[in-house]
Amino acid sequence: MHTHLLPERLPNFANKFGYGDFIHLEHHRQGFARMMKGNAFFREIGNNCWDPQVRIDEYMAYKTPVQVVCTIPVMFSYWAKPADCLSLSQFLNDHLAGVVDDYPEHYIALGTLPMQDTELALQELQRLKEMGFPGVQIGSNVNQINLSEAQFFPIFEACQELNIAVFIHPWEMMGQEYMPKYWLPWLVGMPAETSRAVCSLIFGGILERLPKLRFCFAHAGGSFLPTIGRIQHGYECRPDLVAIDNKQSPRHYLGKFWVDSATHDPQLLRFILDVAGEDRVCLGTDYPFPLGDLEIGTFIEKMNLPESILEKIFYKNTLEWLYGTM
Ligand SMILES: [Zn+2]
C-alpha cells in the first residue's frame, strides 16, 4: 500500500477552469515528464509514475505483485473551487478505476475527494463505492483546517457506513513557507503533519465516535508514534488543554489504526511494530518517489522477523485495513 500513480496525460485544468496553479504535465523527453504547478516547475517524474506495466515490472523485481495506488497529494487541489476540484477528482478517480480494470491482479486503488466541500465529497464517495473502490486517500489537513473539525465528520461517518478505508497522507505542510531550504517541508514538516492528523482525530473524538472506521497513516504515522510518550504525558498533565473533546487517553488508540512501514530504519520499524502492534503495520513504499522505500521492503526482509509477522506486514494487514476483518 502507499504508492502514487498519475495519468500519463492530464488536461490543462488551469486553462479549462480559467484560474489556479493546477498541475499539468510537459512530456519534454522520452520516458520523463515535468510536473508543472501553473508556470512553475514542481518535479520531474519518470514513466514509472504513469505506466502500469513499467511499475509492475519494477515491483516484481522485489516479488511484490500488487500495488495499492493513489494520486499524488499535490493533485488534491483542496484550494480550488469545490466544483472544479470535484471534476478534477473524478478525472483522477476514473483513471485509477481504469488501471484497476486493466490490471485487476496488480492494482487496488484509493480515490481522492474534494474535501473542502462536504456535500461534494459525500457525492464522490458514493460514486467511488459504486465503482468498487475499497478506500480513499485524504490530506493531513484541508486548507490548514484540522481533520477534527465538524465539517469533515459526515465524510468520515459515511466512510465507516460504506466500509471505505481511509489513508491519511501529509500535504500542505504547516510552516513550509518558513523553511523552504534543505527539503525541510518533507523531512520535518511531513512527519509533524501526520502526527497533527492522528492527534486531531484522537483528541477530536473521531476515532472514539467511529470505532469501525479504518484509518491508515503514511510514513509509519510520522512523528506520532515516536512521540507518543510526550503526547500521553501532555494528556495526563494538562487534560484542561488536551482532553476537552475526548476523555480517552491517546495510548488507548494504539492498535486501533494502521500505519505503513516507510521508515528506512529497522530499529524504528521494530519500535513501530511494538507500539502499533504487529497487526497494524502495512508494507508501504511511497514509490516511485526518491524518499520512498524503492527496494520494496528489502530492509524488512533483512530484519530476521518471524515469517508470520512478515506475512502480516507484506499483505495480511493491508487486506484487513482495506476490507475489514477477513
Ligand atoms: Zn506518499
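Taking the numbering used here, the leading residue of the sequence shown gets 13, the next gets one more, and so forth.
Virtual Cβ for every residue (Gly too), placed ideally from N, Cα, C.
{"Check": "Contact under 8 angstroms by Cβ, Leu-134 with Ile-167", "Outcome": "yes"}
{"Check": "Reduced DSSP secondary structure (H/G/I, E/B, other) of Glu-205", "Outcome": "helix"}
{"Check": "At least three beta-carbon pairs within less than 8 angstroms, the region 123 to 131 to the region 85 to 101", "Outcome": "yes"}
{"Check": "Three-way DSSP call (helix, strand, coil) for Gly-151 in this model", "Outcome": "strand"}
{"Check": "Test item, CB below 6 angstroms from any non-hydrogen atom of ligand 1", "Outcome": "His-14, His-16, His-181, Ala-230, Asp-298"}
{"Check": "Length of the line joining the Cα atoms of Asn-105 and Arg-250", "Outcome": "43 angstroms"}
{"Check": "Where Lys-49 falls: helix, strand or coil (DSSP)", "Outcome": "strand"}
{"Check": "Assigned exposure category for Gln-149 - 16 Cβ within 10 Å defines buried", "Outcome": "buried"}
{"Check": "Which of helix, strand or coil DSSP assigns to Ala-162", "Outcome": "helix"}
{"Check": "Bounding residues of the beta strand (DSSP E) (the contiguous stretch that carries Ile-180)", "Outcome": "177 to 181"}
{"Check": "Residue from Asp-33, Ser-273, Gln-279 with nearest C-alpha to Asp-291", "Outcome": "Ser-273"}
{"Check": "Closest by C-alpha distance to Glu-131, when choosing among Arg-55, Phe-164, Ser-160, Leu-22", "Outcome": "Phe-164"}
{"Check": "Which residues DSSP lists as bridging Thr-297, in chain order", "Outcome": "Thr-297 pairs with nothing; no bridge assigned."}
{"Check": "Reduced DSSP secondary structure (H/G/I, E/B, other) of Asp-277", "Outcome": "coil"}
{"Check": "Alpha-carbon spacing of Leu-100 relative to Glu-205, whole angstroms", "Outcome": "24 angstroms"}
{"Check": "Beta carbon of Pro-203 nearer than 8 angstroms to that of Gly-234", "Outcome": "yes"}
{"Check": "Beta-carbon spacing of His-16, Thr-83 below 8 angstroms", "Outcome": "yes"}
{"Check": "For Tyr-119: DSSP bridge partner residues", "Outcome": "Gln-79"}
{"Check": "7 angstroms Cβ shell around Ser-261 - same chain, five flanking residues per side excluded", "Outcome": "Gln-244, Tyr-247"}
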